[in-house]
Amino acid sequence: TDRKIRVKFDAEKSSRLAWNFRPSQPSIVCSPGETVLAFYTAKNELDRPVNGIATYTILPYEAGKYFNKIQCFCFEEQQLNANEEVDLPVFFFIDPEFNRDPFLFDVNEIILSYNFFETKEGFKLPKPPGFRAHYPTS
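The opening residue of the sequence shown carries number 377 in our numbering; numbering runs sequentially from there.
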């Protein structure tokens with residue numbers, strides 16, 4: 377079947393981040409297996425460089441395992457110079473197995489939501505409890 381899914385784009389940001397952050401398009405209609413390129417726009421409203429990193433949520437949650445990001449601005453920290461505006465790409469596809477999941481038979485819309493947070497110089501993500509780095513021993 378040529379099932380169509382509407383992917384809606386949402387943008388949030390921390391109140392402490394002085395960026396204007398929004399999707400460049402409200403939504404895109406695609407078929408499972410089709411690769412899609414979408415964009416978000418971010419603008420630094422300050423007169424100094426600001427770093428940020430994005431987390432994402434996919435709704436409904438059950439669809440998340442079928443949503444495959446090939447390239448995404450969320451994979452790394454972003455730096456915007458003073459008053460700089462950039463287009464941020466997300467290149468993705470919905471796995472065709474989506475069509476076979478009985479929990480998603482009635483789903484024809486997925487929401488991809490990003491939330492940007494400011495990061496500071498040298499920022500490192502916290503390690504989960506019990507995390508141990510494995511280093512080779514000589």
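For every residue, glycine included, the Cβ atom is placed at its ideal position computed from N, Cα and C.
**Asked** Do Y416 and Y490 have their C-beta atoms within less than 8 Å of each other?
**Response** Position 40 of the sequence shown holds residue 416. Position 114 of the sequence shown holds residue 490. Cβ atoms of Y416 and Y490: closer than 8 Å.
**Request:** Figure out for me which residue from G440, L464 and L456 has the closest Cα to the Cα of A387.
**Result:** Counting from 1 along the sequence shown, the entry for residue 387 is found at position 11. Ranking the options by Cα distance to A387, first place goes to L464.
**Request:** Could you check if Y511 is buried or exposed, using at least 16 other CB atoms within 10 Å of its CB as the buried criterion?
**Result:** Indexing the sequence shown from 1 puts residue 511 at position 135. For Y511, the pLDDT reaches just 49, beneath the cut-off of 50, and the residue's location in the model is therefore unreliable, although a value from the coordinates is still provided. Per the 10 Å Cβ criterion, exposed.
**Item:** Distance, L413 Cα to P425 Cα
**Value:** Within the sequence shown, numbered from 1, the residue matching residue 425 stands at position 49. Within the sequence shown, numbered from 1, the residue matching residue 413 stands at position 37. A straight line joining the alpha-carbon of P425 with that of L413 spans about 27 Å.
**Request:** Taking the CB atoms as reference points, tell me whether F467 and I446 lie closer together than 8 Å.
**Result:** Taking the first residue of the sequence shown as 1, we reach residue 467 at position 91. Taking the first residue of the sequence shown as 1, we reach residue 446 at position 70. Remark: C-beta atoms of F467 and I446 approach each other more closely than 8 Å.
**Top-ranked residue by Cα proximity to C406, from L488, V383 and L422** = Position 30 of the sequence shown, counted from the first residue, corresponds to residue 406. When only C-alpha atoms are compared, the closest one is V383.
**Request:** Indicate the three-state DSSP secondary structure (helix, strand or coil) for N396 in the structure shown.
**Result:** Working through the sequence shown from its first residue, we reach residue 396 at position 20. The answer is strand: DSSP assigns N396 an E or B state.
**Prompt:** In whole angstroms, what is the alpha-carbon distance linking N457 and R392?
**Reply:** What you label residue 457 is simply residue 81 of the sequence shown in a count that begins at 1. What you label residue 392 is simply residue 16 of the sequence shown in a count that begins at 1. Between N457 and R392, the alpha-carbon positions lie close to 17 Å from each other.
**Message:** Which of the three DSSP states is assigned to P408 in this structure?
**Reply:** Counted from its first residue, the sequence shown places residue 408 at position 32. Correct three-state label for P408: coil.
**Asked** What number of angstroms, rounded off, separates the C-alpha of N420 from the C-alpha of K496?
**Response** One-based indexing of the sequence shown puts residue 420 at position 44. One-based indexing of the sequence shown puts residue 496 at position 120. For N420 and K496, the distance between alpha carbons rounds to 15 Å.
**Message:** Between which residues of its own chain and Q455 is the CB-CB distance below 7 Å, once the five residues before and five after are set aside?
**Reply:** Working through the sequence shown from its first residue, we reach residue 455 at position 79. For Q455, same chain residues with a beta-carbon under 7 Å away, outside a window of 5 residues either side, are P425 and N427 in chain order.
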